[in-house]
Each structure stands twice: as C-alpha cells, then as structure tokens.
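Numbering (my numbering), first residue to last: 409 to 667.
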C-alpha cells in the first residue's frame with residue numbers, strides 16, 4: 409500500500425534544495441558502508457535537479473568520493489565532510505598533531521568490540537551503534553584528543569557516532585556558500601537533515617527565510633521538534649523520500665531505499 413506523503417511546505421519553482429544523506433536519502437545502517445541505495449534514487453536526484461533549475465546539492469558528512477559512488481550516475485552539486493570538501497577546491501591542510509590521533513582512536517576500537525573507526529581526509533568518526541555502552545568513552549576520548557591539535561579539532565556527537573573534524577566549516581556555512589553562486593543565488597533555501605550535525609544548516613536556512621526540515625523528529629507540520637531549530641518535521645526517511653518523489657512528479661515508491 410502506498411502511504412500518503414507527509415505535510416510539508418508547498419514547493420515553489422524558486423527553491424534551492426539542500427539534502428543530507430544518511431537518515432534522509434538513505435536509511436541509517438549499522439556502518440557507513442552498509443547503506444543501501446535503491447536503483448531509483450539517482451534518477452530521483454536528477455529529476456529534482458532538473459525541476460529546480462540545477463539548484464540541488466548534497467550537504468553531507470561523507471567524503472565527496474563516497475557521495476559520487478553512492479549516487480552514480482547522478483552527480484549533483486555536493487559539499488562533503490560538513491563543508492570541508494568541495495569539487496575543484498584544493499584540500500585543506502591538516503592541523504598540527506592530526507596524524508597522531510589515529511593510533512589512540514584505533515586502540516579504542518580494538519578495546520571495544522563493535523565500535524567502528526571511520527577515517528576521513530579531514531577528520532575521524534567513532535561509530536558505536538553496535539556497542540552503545542562505549543558511547544560515553546568515545547565522547548570523552550574525542551574531547552581529550554581534540555585539544556591536542558593546533559588549531560583544535562571540533563567534537564560533534566551524533567546518532568550513535570562521535571566525530572572529530574577540522575573547524576572552520578559546517579553545513580550552515582556550506583549552504584551559505586552555495587547560495588552565493590548560480591544557480592542557487594536568489595532562491596529560497598530548503599534544507600533537510602536528521603541529526604545534531606544538521607542544526608547549523610537549519611539555523612542558516614531559517615535566517616535566510618527558507619524552510620528547515622527535520623527528518624525523524626516527532627510530529628509533522630510547521631512546528632519545531634524538541635531540541636531542533638527545524639521548522640518542519642517528517643517522521644522518517646522513507647516518508648521524506650516519498651515527499652521528494654512527489655516533488656519530482658515520480659511514483660511515490662521511486663524514492664524508497666534500503667529499508
């Protein structure tokens with residue numbers, strides 16, 4: 409049975425659409441490399457990009473290379489690693505002490521079965537979905553290690569994950585950068601995310617007079633869920649994908665992935 413799409417803002421032709429990936433376009437998986445992308449999802453992104461005049465971008469904590477692999481052959485605009493990684497821009501230099509972080513992080517994962525260390529070009533992530541009891545220790549370790557680099561790394565707790573990443577960019581600044589250039593400039597920004605790392609993006613689009621959508625928060629409608637700056641909410645990622653499919657004029661099942 410096809411479920412009704414959630415009640416979310418009425419789309420306008422002048423929207424600029426910014427999409428988080430994990431928990432929005434794809435369902436959360438036990439590990440980052442275990443997510444499932446339905447064959448229809450790249451086509452959905454291409455249809456949405458066409459509908460909004462090219463003004464669609466992925467804004468994700470994942471590296472750009474992973475985004476391109478996941479959604480091939482679609483290749484929408486994208487900012488990786490929370491806005492630290494962009495196509496065509498030279499990589500940022502690592503802070504002093506960055507390389508020395510890997511050894512204690514790897515030792516922590518070895519001592520806590522089920523914890524996964526994700527290595528990124530501009531940071532690290534400790535995933536403890538399979539070992540919830542290790543969450544407090546992971547957060548404490550990340551906070552201690554962040555202070556050993558110059559400049560200090562930023563600690564970002566998320567859904568069963570703690571990230572250590574370079575400061576100076578977040579999803580809000582990534583959206584602001586996109587909005588300063590064509591084809592995004594002059595449009596109404598719309599950002600959807602599901603985690604605390606998306607709050608910077610919500611705050612930015614709110615300040616720009618756009619629409620912020622929390623995926624997975626309680627309730628549906630133009631009301632902020634507890635603990636979030638988002639002005640709209642949708643129950644889960646499948647419901648959000650159905651809404652996107654409706655925007656693109658595709659069958660409501662076209663956005664389904666990895667359930």
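Where a beta carbon is used, it is the ideal one built from N, C-alpha and C, also for glycine.
Straight-line Cα distance separating residue j from residue i
{"i": "residue 624", "j": "residue 606", "result": "12 Å"}
{"i": "residue 521", "j": "residue 594", "result": "49 Å"}
{"i": "residue 419", "j": "residue 511", "result": "48 Å"}
{"i": "residue 421", "j": "residue 544", "result": "45 Å"}
{"i": "residue 577", "j": "residue 476", "result": "21 Å"}
{"i": "residue 622", "j": "residue 648", "result": "10 Å"}
{"i": "residue 493", "j": "residue 472", "result": "7 Å"}
{"i": "residue 555", "j": "residue 651", "result": "42 Å"}
{"i": "residue 462", "j": "residue 453", "result": "10 Å"}
{"i": "residue 457", "j": "residue 474", "result": "19 Å"}
For residue i, the residue or residues it bridges with in DSSP
{"i": "residue 601", "result": "622"}
{"i": "residue 430", "result": "434"}
{"i": "residue 564", "result": "571"}
{"i": "residue 531", "result": "528 and 573"}
{"i": "residue 494", "result": "487"}
{"i": "residue 424", "result": "597"}
{"i": "residue 504", "result": "558"}
Cutoff 7 Å; reference residue i; Cβ partners in own chain excluding five residues on either side
{"i": "residue 465", "result": "426, 484, 485, 486, 487 and 586"}
{"i": "residue 417", "result": "619 and 640"}
{"i": "residue 432", "result": "600, 601, 602, 623, 645 and 648"}
{"i": "residue 559", "result": "503 and 575"}
{"i": "residue 430", "result": "436 and 443"}
Residues near residue i by beta carbon distance below 6 Å, same chain, minus five either side
{"i": "residue 610", "result": "620, 637 and 638"}
Rounded distance between the beta-carbons of residue j and residue i, thought under 8 Å
{"i": "residue 523", "j": "residue 534", "result": "6 Å"}
Distance cut-off 6 Å: residue i Cβ against heavy atoms of the ligand FMN
{"i": "residue 573", "result": "This structure simply doesn't include the ligand FMN, nor any ligand for that matter."}
Length-filtered (3 minimum) beta strand (DSSP E) runs lying within the stretch 440-489: 464-467 and 485-488
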